[in-house]
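Participant: Residue numbers (our numbering): 12 to 571.
Here's what the structure looks like:
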């Protein structure tokens, strides 16, 4: 075979070093790509181009110089038909190894390759047709385009997945490493990110694999996949998340990281059995879209200032409350970002850790070994902390340790599942927290819900009906907004979400109500306007400003 590679088997190491030497990558960018390479199983060249760190042409130039192999010129690609007939070669083989026969001269076959380590695949092609082989270097995208143009899209995914036998693990392991399966999973994730989805739902039914994306809090149906895809698709996700592909009877949870559109995306994986197979939910944790500023989250300027004033206090508890999926964790992360100036020791215990925050010590609970919220918080007190964040106060023990931390001069942030700010106080009292301890340590409570944000491109004025005006307490001259629907928002009228917030500051009046064991309604009624900023007030202000609709405000404020 002509033009053998001068690269060693450890080509990834040489590739990284070579690109560094040429100044094509920075050390930090290379380290980031290597981290993803270790997590994802993809090769370094793929990661570098997918992240946008280097171009395909840069890799072509590097491989050509390193091996002495010539580049494929534009005129060298076959135009009228394939050099090797489709009946003689496996198109799947060409796609898997990114090799493409581009010419033949006498007894020599000219093969385009994207990576010198694929020379063995080029040699296999030569053996197939009884010819010697010479190689040229070409971009991956150019090879893929040539295969599509000359051989078609190859074997259909339906036909590929029909081979998936859930009882044949060896075959399943082969399938999950097959390029079409990898592309199918990558496409699902990339499409979901492009659609601004927060979750991907894969739900097996009797005759299909349903796919739904949660976009702006609402599940949106996507094109279904054939039922034959279930085994290979789920197993591929398990492999990426380092889960057990042989276990189908028990739920499994994991995490994976992929590169999409030039940046890294973390996904939380939850797999559970169902009567038609395993159902999968992927929570997309896109740090690039994470807002760590109260105003970006939708907090009014004066409310954002009150939050910052509360966080500036040297000790005491601030709680964020609301149902699951109301953005509590994001608000806590924004709070931590506000105080994370490098002069405070900040520790968190979470279940799970959704985003990794620089400069903050984060701990994942592990109940299997006895590491729960209470145990972690107890150990934090010996770590010389300034501020601690507990994912959730679930029981009296955790509440007592949180109060102890506040009493001994520490700041503490946490969440509860209640419908209102005042309801958080009564929930803690119901846990048997002593009123005098709660009154002396609680600084503020934030309650919140997420509502859909109006699309700025198609919103139009709207006058609500009498019933809505009565519920809102506004007159007939009040003008609000609605979304007409356009291409920018997928004709839904909404694009993104925004928080509606209630803020209760614990002053002397509220502290006395706590000591009196007042219920939530009494606390909300007697707290002064300066202490309680209600969710309805916030919703009315945002609806009037054209940030959301009256329907969205009423949906979350009239649910109790």
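Beta carbons are placed, not taken as given, at the ideal position from N, Cα and C, and that holds for glycine.
Exposed or buried, residue 618, counting other C-beta atoms within 10 Å across all chains shown (16 or more means buried)?
Facilitator: Any answer about residue 618 is impossible in this case: the structure gives the chain only from 12 up to 571.
Participant: Under 8 Å between the Cβ atoms of residue 279 and residue 266?
Facilitator: Closer than 8 Å, so yes.
Participant: Report the three-state DSSP secondary structure of residue 302 (helix, strand or coil).
Facilitator: Looking at residue 302 - three-state DSSP - the assignment turns out to be coil, as it is neither helix nor strand.
Participant: For a minimum of 4 consecutive residues, which ranges assigned as the alpha helix (DSSP H) are wholly contained in the segment 469-509?
Facilitator: Qualifying alpha helix (DSSP H) stretches, in chain order: 477-483.
Participant: Shortest alpha-carbon distance to residue 463 belongs to which of 517, 228 and 135?
Facilitator: Residue 228 is the option with its Cα nearest to residue 463.
Participant: Tell me which residue opens and which closes the beta strand (DSSP E) that residue 65 is part of.
Facilitator: It is not in any beta strand (DSSP E) - residue 65 carries neither H nor E in the DSSP assignment.
Participant: Taking 8 Å as the threshold (C-beta atoms), are residue 325 and residue 422 in contact?
Facilitator: Closer than 8 Å, so yes.
Participant: Assess, as a yes-or-no matter, whether the segment 394-409 is touched by the segment 339-356 under the definition of 3 or more beta carbon pairs within less than 8 Å.
Facilitator: They touch, by the three-pair rule.
Participant: Does the beta-carbon distance from residue 511 to residue 562 come in below 8 Å?
Facilitator: Taking 8 Å as the Cβ cut-off, residue 511 and residue 562 do not qualify as a contacting pair.
Participant: What is the rounded straight-line gap between the Cα of residue 173 and the Cα of residue 288?
Facilitator: Annotation note: pLDDT 42 at residue 173 (below 50); position unreliable, no value reported.
Participant: What does a CB cutoff of less than 6 Å around residue 391 pick up in its chain, not counting 5 residues either side in sequence?
Facilitator: 358 and 399, listed in sequence order.
Participant: Is it the case that the Cβ atoms of residue 161 and residue 273 are separated by a distance below 8 Å?
Facilitator: No, they are not a contact pair.
Participant: What does the Cβ neighbour count give for residue 167, buried or exposed, with the cut at 16 atoms within 10 Å?
Facilitator: Any reading at residue 167 must be qualified, since the residue scores a pLDDT of 44, below 50, and its modelled position is unreliable; no value is offered.
Participant: Go to residue 283, then tell me how far its alpha helix (DSSP H) extends in each direction, as first and last residue.
Facilitator: Segment 274-285 is the beta strand (DSSP E) holding residue 283; no alpha helix (DSSP H) there.
Participant: Can you list the alpha helix (DSSP H) stretches of 4 or more residues lying completely in the segment 307-332, in chain order?
Facilitator: Here the runs fully enclosed are 312-322.
Participant: Please classify residue 71: is it buried, with 16 or more other beta-carbons within 10 angstroms of its beta-carbon, or exposed?
Facilitator: Its Cβ being crowded by 16 or more others within 10 Å, residue 71 is buried.
Participant: Just the Cα atoms here: how many angstroms apart are residue 53 and residue 305?
Facilitator: Distance between the alpha carbons of residue 53 and residue 305 is about 37 Å.
Participant: Between residue 442 and residue 427, what straight-line distance do the alpha-carbon atoms span, to the nearest angstrom?
Facilitator: Approximately 12 Å, taken between the alpha carbons.
Participant: Give me the Cα-Cα distance between residue 505 and residue 558, rounded to the nearest whole angstrom.
Facilitator: Straight-line Cα distance between these residues: approximately 10 Å.
Participant: Taking C-alpha atoms, which residue in 264, 123 and 528 lies nearest to residue 446?
Facilitator: Of the candidates 264, 123 and 528, the one whose C-alpha sits nearest the C-alpha of residue 446 is 528.
Participant: Along the beta strand (DSSP E) that carries residue 344, what are the first and last residues, could you check?
Facilitator: No beta strand (DSSP E) holds residue 344; the alpha helix (DSSP H) holding it covers 339-350.
Participant: Evaluate the contact criterion for the segment 78-85 versus the segment 140-149: three or more CB pairs, one atom per stretch, below 8 Å.
Facilitator: Verdict: yes, contact present.
Participant: Grab me the residues of residue 118's own chain with a C-beta within less than 7 Å of its C-beta, minus the 5 sequence neighbours each way, in chain order.
Facilitator: The answer, listed in chain order, is 142 and 143.
Participant: Please confirm if the segment 27-45 is in contact with the segment 53-63, defined as three or more CB-CB distances below 8 Å between the two stretches.
Facilitator: Contact between the segment 27-45 and the segment 53-63 is present, because at least three Cβ pairs lie under 8 Å.
Participant: Quick check: the Cα distance between residue 63 and residue 409, rounded to an integer number of angstroms?
Facilitator: Each residue's alpha carbon lies about 45 Å from the other.
Participant: Verify whether the separation of the beta carbon atoms of residue 630 and residue 452 is less than 8 Å.
Facilitator: Coverage of the chain is limited to positions 12 through 571, which leaves residue 630 absent and any answer about it impossible.
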